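Engineer: One structure, pasted below without further comment.
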Amino acid sequence: MIHYNVKIDAFEGPLDLLLHLINTLEIDIYDIPVAQITEQYLIYIKTMNELKLDIASEFLVMAATLLAIKSKMLLPKHEEELDEFNSEMAYEEDPRDELVERLIEYRKYKEAAHDLKSLEEERGLMYTKPPSDLSDLAKEKQPEKTEKNVTLYDMLAAFQKLLRRKKLQRPLATKIARQEISIETRMTEIMSELKKLKGRKNFNDLFPIPAKEHIVVTFLAVLELIKRKEIDVEQNENFGDIFVHAIQEGE
Amino acid sequence: MEIINWQSILESLLFAAGDEGLTLKHVAEVLDVEELKAGEIIEELIQVYEKDSNRGIMIVQLAGTYQLATKKENASYLKRLVDSPNTAALSQAALETLAIIAYKQPITRVEIEEIRGVKTERPLHTLMTKALIKEVGRAEGTGRAYLYGTTKEFLDYFGLKNIQELPKLPDRVEEEFVQEEADLFFERFQESINT
Amino acid sequence: MEIINWQSILESLLFAAGDEGLTLKHVAEVLDVEELKAGEIIEELIQVYEKDSNRGIMIVQLAGTYQLATKKENASYLKRLVDSPNTAALSQAALETLAIIAYKQPITRVEIEEIRGVKTERPLHTLMTKALIKEVGRAEGTGRAYLYGTTKEFLDYFGLKNIQELPKLPDRVEEEFVQEEADLFFERFQESINT
């Protein structure tokens, strides 16, 4: 079954979420108001919980860290300590320092990842061709070559290159025809499943085969059935599961 | 009005099409012009290639398709390229072929060629002489083509205990992809039922 | 004396080599000239391609090799011709992990996880199977964890000549950068807590 709650992946982790909060709240990353950000962070965790999303343990560890920092910030500074150290030293002991450092370090690589993404797109605009088959030109006998270190990685890399290499499209006409049949077929399948069930079916269960094409076709089939008023869809609450059922004659 | 550089586009298309070549109809379709016009563009490019002696490639008509090919007078250098000891011990072609066999065995030559989009006789020969692959049987049906599979030497060569130790890859890729697709469609679905 | 048409020959060689590419050394060897001379011939051909706007192909340097590739501006036509590649673009998690490895290699999984603040097994696996990273050794000390580094395929995938061509790691990030990463979930999440 496919879980749709993957939207949690919108944040790569607690650091990513914190960066997002810092930006949304327009906070200075070097002077984070810990109380405010902790509150926001906890609301987020709570909401995830209410939405019954799996909360990765890292998110909880960060919540604890934030609370610890918050309580340290609230502790009154002892007079004697302030006397002993100069104010600069007191700054260095800011309980937020370590977190800020981590956030800044992480943000660097988040941007670097962004740069890589652009490079990836840019590279995608160039098309190459496979090496030509030059067998006719080769000597009859294979000369014995001294083996270089060919590793499993080399084979994997060659395979990936092959997968990335763009393939010529089959003639358009056959492509469309094939898909049209599939959607129709899938619509019939869905209808007979629903009628046999005589009740409602979880939307997720309409996607038993995790193949891209099947998901797309199923989805289009469902949309078409809704449009034709052959099935109805209900959702009891926001983010709740979606159910579909066949519309009975005369309903 | 925007000027479309037909020649540049056609050269790109022919290059990317490789050994499969393009029919006149295909060219017309992709360029979104009449076949007559497509024919003119092709003819023009053929002329350009012919006039310029510095070109190392030319357009040839083969089995109803147009394809790019290397000029015959450079064949001696291409021969040196093939026979060069500097050419990797296992070339890209051989590695690709080996990967396909490793992951899809048993498999026929025709099936391998369908995946690679190019002739695969030579890489198969290379792999056979290096004993990395072997014939493991015959396919059913007419022709009864040979089926290829990997050998014990293959495992040794890559330091694998058994074939199960090969890194699993296509599933993972597919899985991630499906997840993203599912998200996208779910969003659209939500929109469509909310409106 | 016979006049050798270096440009024509080089174009033939590059065309035949395809995406396997040719190193400078290899070109020099096949042309039977010094590397300096080979470099000049390549440079000349690069110029010729660049000057002639009617060309649809160009020379790119990828992972230490020279290859022919189609011009970027013709990408929209090529998209009509060929299926989009089999592999999906890398996920955000994979890109972050890869960025950390690229700039800090060799690096262990634990060190990567310290920077990202989350478990990184899955993206590491994805990157390994895509041959973008590999194990390059073992860390010293207890555990002797694997050290990861980028591969030649990494350079090819991102269109880089060599690892030095990686964009400089940003010191201070522009504030608006993270801002533009507005995502649907957060909006929905805000809505849901406001209602």
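Read top to bottom, the protein sequences are chains A, Y and E. Numbering-wise (my numbering), the first sequence opens with residue 1 and increments by one. Numbering-wise (my numbering), the second sequence opens with residue 1001 and increments by one. Numbering-wise (my numbering), the third sequence opens with residue 2001 and increments by one. Note that CB positions come from ideal geometry on N, CA and C, so glycine has one too. Quick caveat, the model's predicted, so the values are computed rather than measured.
Could you tell me if E/Leu2010 is buried or exposed, where buried requires 16 or more neighbouring beta carbons within 10 angstroms of its beta carbon?
Structural biologist: On the third sequence, residue 2010 of chain E is found 10 positions in, with the first residue counted as 1. Counting Cβ neighbours within 10 Å, E/Leu2010 comes out buried, since at least 16 surround it.
Engineer: Bridge partners of A/Glu234, per DSSP?
Structural biologist: Here residue 234 of chain A refers to the residue found at position 234 of the first sequence. DSSP, once it has assigned bridges, lists A/Phe243 as partnering A/Glu234.
Engineer: Report the CB separation of E/Val2060 from Y/Ala1016 in whole angstroms; it is logged as a contact under 8 angstroms.
Structural biologist: Counting from 1 along the third sequence, the entry for residue 2060 of chain E is found at position 60. Counting from 1 along the second sequence, the entry for residue 1016 of chain Y is found at position 16. So it is not a contact: roughly 14 angstroms between Cβ atoms.
Engineer: With H, G and I counted as helix, E and B as strand and the rest as coil, what does DSSP make of E/Gly2149?
Structural biologist: What you label residue 2149 of chain E is simply residue 149 of the third sequence in a count that begins at 1. The answer is strand: DSSP assigns E/Gly2149 an E or B state.
Engineer: Considering only the alpha carbon of each residue, which of Y/Leu1098, Y/Val1110, Y/Arg1122 and Y/Ala1145 lies closest to Y/Leu1132?
Structural biologist: Stepping through the second sequence from its first residue, residue 1132 of chain Y is reached at position 132. Residue Y/Leu1098 is the option with its Cα nearest to Y/Leu1132.
Engineer: Return the CA-CA distance between Y/His1026 and A/Phe243, expressed in angstroms with no decimal places.
Structural biologist: For this step, residue 1026 of chain Y is matched to residue 26 along the second sequence. For this step, residue 243 of chain A is matched to residue 243 along the first sequence. Going from the Cα of Y/His1026 to the Cα of A/Phe243 covers about 45 angstroms.
Engineer: Going by beta carbon distance, what residues of the same chain come within less than 8 angstroms of A/Ile37, once the five residues before and after it are set aside?
Structural biologist: Locating residue 37 of chain A in the first sequence gives position 37, counting from the first residue. Excluding sequence neighbours, A/Ile37 sits near Leu18, Leu21, Ile22, Leu25, Ile27 and Leu66.
Engineer: Given 8 angstroms as the limit, is there contact between the segment 1138-1150 of chain Y and the segment 1101-1119 of chain Y, that is, 3 or more CB pairs closer than that?
Structural biologist: yes
Engineer: Go to E/Val2110, then tell me how far its alpha helix (DSSP H) extends in each direction, as first and last residue.
Structural biologist: Residue mapping note: residue 2110 of chain E aligns to position 110 of the third sequence, counting from 1. Per DSSP, E/Val2110 belongs to the alpha helix (DSSP H) from Arg2109 to Arg2116.
Engineer: Starting from Y/Leu1160, follow the alpha helix (DSSP H) in both directions and report where the run begins and ends.
Structural biologist: Taking the second sequence and counting its residues from 1, the one referred to as residue 1160 of chain Y is at position 160. Here Y/Leu1160 belongs to no alpha helix (DSSP H), and DSSP marks it neither H nor E.
Engineer: What did DSSP end up calling A/Pro171 once you bin it into helix, strand or coil?
Structural biologist: The count along the first sequence starts at 1 and reaches residue 171 of chain A at position 171. Legend: pLDDT at A/Pro171 = 38, less than 50; position of this residue unreliable, no value from coordinates given.
Engineer: Quick check on Y/Val1060: does DSSP put it in helix, strand or coil?
Structural biologist: Counting from 1 along the second sequence, the entry for residue 1060 of chain Y is found at position 60. The answer is strand: DSSP assigns Y/Val1060 an E or B state.
Engineer: Taking the alpha helix (DSSP H) that A/Lys72 belongs to, which residues open and close that run?
Structural biologist: Along the first sequence, read from residue 1 onward, the residue named residue 72 of chain A stands at position 72. Annotation for A/Lys72: the continuous alpha helix (DSSP H) segment containing it runs Ser57 to Leu74.
Engineer: For chain A, check one thing: does any of its Cβ atoms lie closer than 8 angstroms to the Cβ of Y/Pro1167?
Structural biologist: The residue labelled residue 1167 of chain Y in the question sits at position 167 within the second sequence. Yes, Y/Pro1167 counts as interfacial toward chain A.
Engineer: Would Y/Lys1071 count as contacting chain E if we go by Cβ distances under 8 angstroms?
Structural biologist: Numbered from 1 along the second sequence, position 71 holds the residue referred to as residue 1071 of chain Y. At least one chain E Cβ lies under 8 angstroms of Y/Lys1071.
Engineer: From the beta carbon of A/Met126, is the nearest beta carbon of chain E less than 8 angstroms away?
Structural biologist: The residue labelled residue 126 of chain A in the question sits at position 126 within the first sequence. Yes, its Cβ sits closer than 8 angstroms to a Cβ of chain E.
Engineer: Using only the alpha-carbon positions, how far apart do A/Arg178 and A/Glu224 sit?
Structural biologist: For the purposes of this step, residue 178 of chain A is taken as the residue at position 178 of the first sequence. For the purposes of this step, residue 224 of chain A is taken as the residue at position 224 of the first sequence. Any answer about A/Arg178 is weak, because its pLDDT of 38 lies below 50 and its placement is not dependable; what the coordinates show is given next. Rounded to whole angstroms, A/Arg178 to A/Glu224 spans 17 angstroms at the Cα level.
Engineer: 8 angstroms is my cut-off, CB to CB: does E/Arg2055 come that close to chain Y?
Structural biologist: Counted from its first residue, the third sequence places residue 2055 of chain E at position 55. Yes, E/Arg2055 lies at the interface with chain Y (some Cβ there is under 8 angstroms from its Cβ).
Engineer: Would you mind working out which of A/Val233, A/Arg164, A/Lys227 and A/Pro33 sits nearest A/Asn204, comparing C-alpha positions?
Structural biologist: Here residue 204 of chain A refers to the residue found at position 204 of the first sequence. Checked all of A/Val233, A/Arg164, A/Lys227 and A/Pro33; the closest Cα to A/Asn204 is A/Val233.
Engineer: Which of helix, strand or coil does DSSP assign to Y/Lys1119?
Structural biologist: To locate residue 1119 of chain Y, count along the second sequence from 1; it is residue 119. In the structure shown, Y/Lys1119 sits in coil (DSSP, three-state: anything other than H, G, I, E or B).
Engineer: Could you compute how far the alpha carbon of E/Ile2042 sits from the alpha carbon of Y/Glu1050?
Structural biologist: Your numbering for residue 2042 of chain E matches position 42 in the third sequence. Your numbering for residue 1050 of chain Y matches position 50 in the second sequence. About 22 angstroms.
Engineer: So, Y/Gln1105 versus Y/Tyr1148, is the Cβ gap smaller than 8 angstroms?
Structural biologist: Looking up residue 1105 of chain Y in the second sequence gives position 105. Looking up residue 1148 of chain Y in the second sequence gives position 148. A distance below 8 angstroms separates the beta carbons of Y/Gln1105 and Y/Tyr1148.
Engineer: If you compare alpha carbons, which of Y/Lys1079, Y/Gln1067, Y/Lys1161 and Y/Ser1091 is closest to A/Pro131?
Structural biologist: Indexing the first sequence from 1 puts residue 131 of chain A at position 131. The shortest Cα separation from A/Pro131 among Y/Lys1079, Y/Gln1067, Y/Lys1161 and Y/Ser1091 belongs to Y/Ser1091.
Engineer: Grouping DSSP H, G and I as helix and E and B as strand, with all else coil, what is Y/Gln1067?
Structural biologist: Stepping through the second sequence from its first residue, residue 1067 of chain Y is reached at position 67. The answer is strand: DSSP assigns Y/Gln1067 an E or B state.
Engineer: So, helix, strand or coil for E/Ile2046, using DSSP?
Structural biologist: Start at 1 with the first residue of the third sequence, and residue 2046 of chain E comes out as number 46. Reduced to three states, the DSSP call for E/Ile2046 is helix.
Engineer: Let me know if E/Val2030 comes out buried or exposed under the rule of 16 or more other beta-carbons within 10 Å of its beta-carbon.
Structural biologist: On the third sequence, residue 2030 of chain E is found 30 positions in, with the first residue counted as 1. So E/Val2030 counts as buried.
Engineer: Out of A/Ala157, A/Pro14 and A/Gly124, which has the shortest C-alpha to C-alpha gap to A/Glu58?
Structural biologist: As a working mapping, residue 58 of chain A is identified with position 58 in the first sequence. Closest by alpha carbon: A/Pro14.
Engineer: Do A/Leu119 and A/Ile29 have their C-beta atoms closer together than 8 angstroms?
Structural biologist: Numbered from 1 along the first sequence, position 119 holds the residue referred to as residue 119 of chain A. Numbered from 1 along the first sequence, position 29 holds the residue referred to as residue 29 of chain A. Going by C-beta atoms, A/Leu119 is not nearer than 8 angstroms to A/Ile29.
Engineer: Just list the residues that DSSP pairs A/Ile226 with in beta bridges.
Structural biologist: Working through the first sequence from its first residue, we reach residue 226 of chain A at position 226. Answer is none; A/Ile226 lacks a bridge partner.
Engineer: Using beta carbons (cut-off 8 angstroms, strictly below), is A/Gln160 in contact with chain E?
Structural biologist: In the first sequence, residue 160 of chain A corresponds to position 160, counting from 1. For A/Gln160, the answer is yes, since a Cβ of chain E falls inside 8 angstroms of its Cβ.
Engineer: Consider the Cβ of Y/Gln1067: report whether some Cβ of chain A lies at a distance smaller than 8 angstroms.
Structural biologist: The residue given as residue 1067 of chain Y occupies position 67 in the second sequence. Judged by the 8 angstroms Cβ criterion, Y/Gln1067 is not in contact with chain A.
Engineer: In chain order, what residues of the same chain have a beta carbon less than 6 angstroms from the beta carbon of E/Thr2126, not counting five sequence neighbours either side?
Structural biologist: Position 126 of the third sequence, counted from the start, is the residue given in the question as residue 2126 of chain E. Closer than 6 angstroms at the Cβ level, and outside the excluded window around E/Thr2126, lie Ala2094.
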